[in-house]
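Residues 129 to 550 (the numbering used here) make up the sequence shown, in order. Glycine included, C-beta positions come from ideal geometry on N, C-alpha and C. One structure is given below, encoded as structure tokens.
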Amino acid sequence: MKINCLGACQEVGRSGFLVSENNSNVLLDYGLLFDDNNKLMYPVKPQEKVDACILSHAHLDHSGFIPNIFASGKPKLVLTEPTLKLAELLWADSLKIARLNGERPPFFEQDMQKASDSSIIAGYGKEADLGKTTSTTLLDAGHIPGSSMAYIDFGSKTLLYTGDFNTSDSRLQTGASSEMPGDVDVLIVESTYCNREHEPREKVEKHFLEKIAETLENGGVAMVPAFAVGRAQEILQVISDRDFGVPVYLDGMAKDASDIIVSYPGFIRDYDGLQSALQECIWIENERERKRIKKEPYIVVTTAGMLSGGPIYHYLWANRKNNDSKILLTGYQVPGTPGERLMREGVIDIRNTELAVKQEVIKFDFSSHAGKKEIFSFVKDVNPENIVCVHGDKENTIGFATRLKEKGFNAVAPKLKDILKF
Ligand SMILES: [Zn+2]
Ligand SMILES: [Zn+2]
């Protein structure tokens, strides 16, 4: 088996691996990376003809460059239905943003269309044919709705690609299981939090709800930036646990993502809970509705999660003079993003001015990735012959491979463009 490392090697982002075995070339994910200066980085181009692509989930660091493959070929694209619908939403959005910024788009409408037309919808636990002697079984990764790990049987050797995964339950999702359809010769495993434990979810939720209550009691507005896919819906479910007696608004692309997610009940852990959380909040449809919101305490969940755009800017501006308001960040803030800068320097660029934010800014660890303990016990349960540590920074992936070797596994943390042979 040969693995071409096209991205996500000693870095988080632009995932891409071309696995060649038994005359089959299978591409696993093909995503984008924004570096520390917010510059867009593409994955390496595969040198061989791609027979099939598997997309683990819709996040742009895994899906963002997939349509580009279809500009010059027409392989099969295997994925779950929510992943396809969410990826189509994010692809269209990145095309729109590129055009607005006057940048060359990473792909064109016709490439997106070809990708959609080539898709083969797979359900969890069911084998999908990839041609020749190769087949794949997608397994629930527990990361975002529709997310999968891919178990691939090449007829000669087997491989498991985790994509991003979480073995713990969240409001939205049941955690991933380590039960496999068969033995695993090669495991490609994400390493995002191989070095760190997460705070228990109940503790994070309790702290988050307390901070909202405190904000509202003081007459402030609770502004909750959230990622459109998965996080916004989870946060609304957490908020719906308590009756705060104030309006809860949902705004931005999180609405489109919610529309898609709520149409796949089979992919949601507590479907009734999600449905009622989405019904209880008020969907802000346009600028006019946004401007009509009264200057009284309220909660707003909106995009972008790292403040890289979106209606959150309307709320930050409208409430800038209310120092009792709070900004409650609900996910990791990539270095170089406005959200990370806000945490570090307490400023944000808004309406061509640098606004010094006097309101409290708090970040909550609502992670959808397995923590250190979970990753190690997952690897132990799967018990593969070989392990490839990816999707983590340099120090993390190398440290992870070293610790796995100490435990008797055959492990490696490849660099970009490495070609691994097993
Ligand atoms: Zn992800
Ligand atoms: Zn990722």
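V540 versus T320 - alpha carbon distance: For the purposes of this step, residue 540 is taken as the residue at position 412 of the sequence shown. For the purposes of this step, residue 320 is taken as the residue at position 192 of the sequence shown. One C-alpha to the other measures close to 15 Å.
What is the DSSP secondary structure of V366, reduced to helix, strand or coil? Numbered from 1 along the sequence shown, position 238 holds the residue referred to as residue 366. Reduced to three states, the DSSP call for V366 is helix.
Closer than 8 Å: is that where the CB of I272 sits relative to any heavy atom of ligand 1? On the sequence shown, residue 272 is found 144 positions in, with the first residue counted as 1. Under cutoff, so the answer is yes.
Taking 9 Å as the cut-off, decide whether the C-beta atoms of G459 and G380 are in contact. To locate residue 459, count along the sequence shown from 1; it is residue 331. To locate residue 380, count along the sequence shown from 1; it is residue 252. Result no, Cβ atoms of G459 and G380 do not sit closer than 9 Å.
Go through the region 342-418 residue by residue and report every complete run of the beta strand (DSSP E) that reaches 3 residues or more, in order. As far as the region 342-418 is concerned, its whole beta strand (DSSP E) runs of at least 3 residues are 350-353 and 376-379.
Please classify A243 as buried or exposed, where buried requires at least 16 neighbouring CB atoms within 10 angstroms. Numbered from its first residue, the sequence shown carries residue 243 at position 115. So A243 counts as buried.
Span separating the alpha-carbon of S143 from that of R420: Translated into the one-based positions of the sequence shown, residue 143 becomes position 15. Translated into the one-based positions of the sequence shown, residue 420 becomes position 292. Answer to the nearest angstrom: the Cα atoms are 42 Å apart.
Contact under 9 Å by Cβ, N132 with P195: Here residue 132 refers to the residue found at position 4 when the sequence shown is read from its first residue. Here residue 195 refers to the residue found at position 67 when the sequence shown is read from its first residue. In this structure, P195 does not lie closer than 9 Å to N132 by Cβ.
Whole-angstrom distance between N323 and F504, CA atom to CA atom: Stepping through the sequence shown from its first residue, residue 504 is reached at position 376. Stepping through the sequence shown from its first residue, residue 323 is reached at position 195. About 10 Å.
Would you call L228 buried or exposed, if buried means 16 or more other Cβ atoms sit within 10 Å of its Cβ? The sequence position of residue 228 within the sequence shown is 100, counting from 1. It counts as exposed.
Bridge partners of K213, per DSSP? Within the sequence shown, residue 213 is the residue found at index 85, counting from 1. In the DSSP output, where bridge partners are listed per residue, K213 has none listed.
As a quick exercise: from L337, F282 and F336, pick the residue whose alpha carbon is nearest that of D311. In the sequence shown, residue 311 corresponds to position 183, counting from 1. Ranking L337, F282 and F336 by Cα distance to D311 puts F282 first.
Do you know how far the Cα of A356 is from the Cα of S386? Walking along the sequence shown from the start, residue 386 turns up at place 258. Walking along the sequence shown from the start, residue 356 turns up at place 228. Going by the C-alpha atoms only, they are around 8 Å apart.
Could you check where the alpha helix (DSSP H) with I503 kicks off and where it finishes? Along the sequence shown, read from residue 1 onward, the residue named residue 503 stands at position 375. Here the alpha helix (DSSP H) through I503 covers K500 to V510.
Tell me which residues pass a beta-carbon proximity test against ligand 1: closer than 5 Å to any heavy atom, given in chain order. H187 and D292
State the start and end residues of the unbroken alpha helix (DSSP H) segment that holds I194. What you label residue 194 is simply residue 66 of the sequence shown in a count that begins at 1. Counting along the chain, the alpha helix (DSSP H) containing I194 begins and ends at I194 to I197.
I'd like to confirm something about S276: is its beta-carbon nearer than 8 Å to some heavy atom of ligand 2, or not? Here residue 276 is taken as the residue at index 148 of the sequence shown, counted from 1. No; taking the cut-off as 8 Å, the Cβ of S276 has no heavy atom of ligand 2 nearer than that.
Would you mind giving the Cβ-Cβ distance between S263 and A269, rounded to the nearest angstrom? I have them listed as a contact below 8 Å. Here residue 263 is taken as the residue at index 135 of the sequence shown, counted from 1. Here residue 269 is taken as the residue at index 141 of the sequence shown, counted from 1. Their Cβ separation, rounded to whole angstroms, is 19 Å, which puts S263 and A269 out of contact at 8 Å.
What's the C-alpha gap between L217 and F236? Position 89 of the sequence shown, counted from the start, is the residue given in the question as residue 217. Position 108 of the sequence shown, counted from the start, is the residue given in the question as residue 236. Going from the Cα of L217 to the Cα of F236 covers about 14 Å.
Counting pairs of Cβ atoms below 8 Å between the region 444-461 and the region 394-401, do you hit three or more? no
Taking only heavy atoms of ligand 2 into account, decide whether any of them is closer than 8 Å to the Cβ of E318. Residue 318 sits at position 190 when you count from the first residue of the sequence shown. True, at least one ligand heavy atom lies under 8 Å from that Cβ.
With S263 as the anchor, note down where its beta strand (DSSP E) starts and where it stops. Numbered from 1 along the sequence shown, position 135 holds the residue referred to as residue 263. S263 to D268 is the extent of the beta strand (DSSP E) around S263.
So with Cβ pairs under 9 Å, would you call V485 a contact of chain C? The structure shown contains no chain C; it is built from a single protein chain.
According to the Cβ coordinates, are E342 and V374 closer than 9 Å? For the purposes of this step, residue 342 is identified with residue 214 of the sequence shown, where counting begins at 1. For the purposes of this step, residue 374 is identified with residue 246 of the sequence shown, where counting begins at 1. Cβ atoms of E342 and V374: not closer than 9 Å.
Assign I248 to one of three DSSP states: helix, strand, or coil. Indexing the sequence shown from 1 puts residue 248 at position 120. Strand at I248.
If you drop the 5 nearest sequence neighbours on each side, which residues of the same chain put their C-beta closer than 6 Å to that of L418? Locating residue 418 in the sequence shown gives position 290, where the first residue counts as 1. Sequence inspection shows Arg at residue 418; the Leu mentioned does not correspond to that position. The answer, listed in chain order, is I412 and H442.
Rounded to whole angstroms, how far is the Cβ of N153 from the Cβ of T261, which I believe are closer than 8 Å? As a first step, residue 153 is located in the sequence shown; it is residue number 25 there, counting from the start. As a first step, residue 261 is located in the sequence shown; it is residue number 133 there, counting from the start. N153 to T261, Cβ: 13 Å. No contact.
Quick one: Cα of K383 to Cα of N414, how far? Mapped onto the sequence shown, residue 383 falls at position 255. Mapped onto the sequence shown, residue 414 falls at position 286. K383 and N414: Cα-Cα distance of roughly 12 Å.
May I ask whether a heavy atom of ligand 2 can be found less than 8 Å away from the beta carbon of T143? The residue you call residue 143 lines up with position 15 of the sequence shown. Checking the sequence, you will find Ser at residue 143 rather than Thr. Yes, Cβ of S143 sits closer than 8 Å to a heavy atom of ligand 2.
So, with DSSP's three-state summary, where would you put Y279? Working through the sequence shown from its first residue, we reach residue 279 at position 151. Here Y279 sits in strand by DSSP.
Starting from K533, trace the alpha helix (DSSP H) both ways and give me its first and last residue. Taking the sequence shown and counting its residues from 1, the one referred to as residue 533 is at position 405. Where K533 is concerned, the enclosing alpha helix (DSSP H) stretches over K522 to E534.
For L168: DSSP bridge partner residues: The sequence position of residue 168 within the sequence shown is 40, counting from 1. Looking at the DSSP assignment, L168 forms a beta bridge with F162.
So is G230 buried or exposed if we call it buried at 16+ other beta carbons inside 10 Å? Here residue 230 refers to the residue found at position 102 when the sequence shown is read from its first residue. With fewer than 16 Cβ atoms within 10 Å of its Cβ, G230 is classed as exposed.
Is I280 closer than 9 Å to L258 when the C-beta atoms are compared? Within the sequence shown, the letter at position 130 stands for residue 258. Within the sequence shown, the letter at position 152 stands for residue 280. Yes, the Cβ-Cβ distance between L258 and I280 is below 9 Å.
Taking DSSP as the reference, what is the three-state secondary structure of V314? Your numbering for residue 314 matches position 186 in the sequence shown. V314: strand per DSSP, three-state reduction.
Where does V485 fall in DSSP's three states? Working through the sequence shown from its first residue, we reach residue 485 at position 357. If DSSP states are grouped into helix, strand and coil, V485 belongs with coil.
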